[in-house]
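To convert a position in the sequence shown, counted from 1, into this note's numbering, add 9. We put the beta carbon where it would ideally sit given N, CA and C, even for glycine.
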Amino acid sequence: MLFVSNSGGSSGKISIQFYHADDDTYHHFLVDYDTDGNSGTSILGASQFHLHAGDKIVCYKESGKTFDVTLSAREFFNPNRITA
């Protein structure tokens, strides 16, 4: 789950990227996504997204706005992905 909530009273914009460590690149989930005040949005819906060791989620908000981003995950150990 990746959930964004705008807890401010007015609309605002948020951008969310993920960093993929395997190829050292950033990819966008959202770019300047406009949300109403006091509202929330599920970004992934019922979809799944797989992160690997070293990957990260990065969020940017419009200046002066208040956002909360919630990420829910299940961790799996894959011994085949261990690198020296």
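From the DSSP output, in three-state form, read off asparagine 87 for me.
-> Coil, per DSSP.
Under a Cβ-count criterion, where at least 16 other Cβ atoms within 10 Å of its own Cβ denotes burial, should glycine 54 be classed as buried or exposed?
-> So glycine 54 ends up on the exposed side.
For glycine 73, which option in Ser19, His29, Leu11 has the closest C-alpha, if you only look at C-alpha atoms?
-> Comparing Cα-Cα distances from glycine 73 to each of Ser19, His29, Leu11, the minimum goes to Ser19.
Could you tell me which residues DSSP puts in a beta bridge with glycine 21?
-> For glycine 21, which the question treats as bridged, DSSP gives the partners Thr44.
The region 11-26 touching the region 39-47, judged by at least three CB pairs closer than 8 Å = The region 11-26 is in contact with the region 39-47.
In the DSSP assignment, find the beta strand (DSSP E) that holds serine 14 and state where it starts and stops.
-> 11-15 is the span of the beta strand (DSSP E), which, as asked, contains serine 14.
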